[in-house]
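Working notes, structure below.
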Amino acid sequence: MDFDFTNKVVIVTGGTRGIGFETVKAFKERNATVVLFGSKKETVDKAIKEFSDLNLKVEGYYPNLSNYNEVNTAVSLIASKYGHIDIIINNAGMSASKPIEQTTIEEYNSLINVNLNGVYYMCKAATPYLKKSKGVILNTSSVVSICGQTSGIEYPASKFGVNGLTLSLARELAPFGIRVNAVAPGITNTDMVSSLPKEMIEPLIKSIPLGRMGEPRDIANAFLFLASDMASYITGEVLSVDGMKRV
């Protein structure tokens, strides 16, 4: 199945690596205008160079997703430059694996600010433009938003929040023709997963019925579908892309 996103303006947060990078690539390959957001100038410049080497032209910004004013300014600049925004993909996120007694309040707040507040800020900033385009909001959730995890509880807490935001915002924005969905990846071959302890990851991979870890393109393909007209009657869904990993 293939899709064409000609004349569509797409913003992807966390677009400099992993799932975000592959998602930017997937939409560019299908003729979209894509703007990626990264955490800092160096990583954004590096990603833009990597896309350029693939003959893909991508624009990048690095607003602090924990700061609404910075997010709103960046989104407004993009809308002003291109005249419209059609799709936003809230993919940026931090992971966590420490036990609660070893987690500082600062670490907890930092993760929530990016993983949950950053999604809210992006949605708030983009909604006026998405109303005009009858656009699409897509959020990256996680399998742990369904089953939790044994340590680093702030991460599943943030993703449970993303699910609630997705379902509720889908109801709020449906009258304006805006669809809001999320993708909940399972164990996926990214830098974030590789940084987690092997004793946490290896048993999970063994329990996946399809017998393998997911790849970033698996998740990007789900975003392509949910952003397309093929999914025009789907909103308020959290789509699991996890090889049927549930517990």
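The sequence shown maps to residues 0 to 246 in numbering that gives the first Met the number 0. Heads up, the beta-carbon is just placed ideally off N, CA and C, and yes, glycines get one too.
Is DSSP giving residue 180 helix, strand or coil here?
For the purposes of this step, residue 180 is taken as the residue at position 181 of the sequence shown. Looking at residue 180 - three-state DSSP - the assignment turns out to be strand.
In its own chain, which residues sit with a C-beta less than 8 Å from the C-beta of residue 24, not counting the 5 before and 5 after it?
Mapped onto the sequence shown, residue 24 falls at position 25. Excluding positions up to five away in sequence, the list reads 50, 53, 55, 219.
Looking at C-beta atoms only, is the number of pairs between the stretch 6–22 and the stretch 187–200 that lie closer than 8 Å three or more?
yes
Please return the same chain residues whose Cβ sits closer than 6 Å to the Cβ of residue 82, not counting the five positions on each side in sequence.
For the purposes of this step, residue 82 is identified with residue 83 of the sequence shown, where counting begins at 1. Contacts found: none.
Out of 175, 206, 212, point me to the one whose CA is closest to residue 193's CA.
On the sequence shown, position 194 is the one that residue 193 refers to. When only C-alpha atoms are compared, the closest one is 212.
Tell me which residues share the same chain as residue 233 and place their Cβ nearer than 8 Å to its Cβ, disregarding the 5 neighbours each side in the sequence.
As a first step, residue 233 must be located in the sequence shown, where it is residue number 234. Around residue 233: 178, 180, 225.
Residue of 34, 163, 159 minimising C-alpha distance to residue 58:
Counting from one through the sequence shown, the residue named residue 58 turns up at place 59. It is 34 whose Cα lies nearest to the Cα of residue 58.
Where residue 109 falls: helix, strand or coil (DSSP):
Counting from one through the sequence shown, the residue named residue 109 turns up at place 110. Residue 109: helix per DSSP, three-state reduction.
Using 8 Å as the cut-off, can you tell me whether the stretch 123–139 makes contact with the stretch 156–172, which would need three or more C-beta pairs spanning the two stretches below that distance?
yes
Quick one, which of 176, 167, 203 has its alpha-carbon nearest residue 142's?
Reading the sequence shown from its first residue, position 143 is the one you call residue 142. Looking at the Cα atoms, 203 is the closest of the given residues.
Does the beta-carbon of residue 155 have 16 or more other beta-carbons within 10 angstroms, so that it is buried, or is it exposed?
The residue labelled residue 155 in the question sits at position 156 within the sequence shown. Result: buried.
With DSSP as the reference, label residue 66 as helix, strand or coil.
Locating residue 66 in the sequence shown gives position 67, where the first residue counts as 1. Coil, per DSSP.
Just the Cα atoms here: how many angstroms apart are residue 117 and residue 12?
Translated into the one-based positions of the sequence shown, residue 117 becomes position 118. Translated into the one-based positions of the sequence shown, residue 12 becomes position 13. Taking the straight line from one Cα to the other gives about 9 Å.
Flag this pair as yes or no: are the beta carbons of residue 84 and residue 134 separated by less than 9 Å?
Here residue 84 is taken as the residue at index 85 of the sequence shown, counted from 1. Here residue 134 is taken as the residue at index 135 of the sequence shown, counted from 1. A contact, by the Cβ cut-off of 9 Å.
Residues that residue 59 bridges to, as DSSP identifies them:
Mapped onto the sequence shown, residue 59 falls at position 60. Paired residue(s): 35.
Between which two residues does the beta strand (DSSP E) harbouring residue 8 extend?
Mapped onto the sequence shown, residue 8 falls at position 9. Here the beta strand (DSSP E) through residue 8 covers 8–12.
In the structure shown, what three-state DSSP assignment does residue 103 receive?
For the purposes of this step, residue 103 is identified with residue 104 of the sequence shown, where counting begins at 1. DSSP places residue 103 in coil when its eight states are reduced to three.
Provide the residue span of the alpha helix (DSSP H) that contains residue 152, from first to last.
Mapped onto the sequence shown, residue 152 falls at position 153. Note, residue 152: premise wrong, no alpha helix (DSSP H); not H, not E.
Taking only the alpha-carbon atoms, compute the straight-line gap between residue 98 and residue 104 and give it to the nearest angstrom.
To locate residue 98, count along the sequence shown from 1; it is residue 99. To locate residue 104, count along the sequence shown from 1; it is residue 105. Looking at the two C-alpha atoms, the distance is approximately 12 Å.
Using beta-carbon positions only, say whether residue 182 and residue 115 come within less than 9 Å of one another.
Numbered from its first residue, the sequence shown carries residue 182 at position 183. Numbered from its first residue, the sequence shown carries residue 115 at position 116. No.
Cα-Cα separation, residue 123 to residue 71:
Numbered from its first residue, the sequence shown carries residue 123 at position 124. Numbered from its first residue, the sequence shown carries residue 71 at position 72. So the two alpha carbons sit approximately 8 Å from each other.
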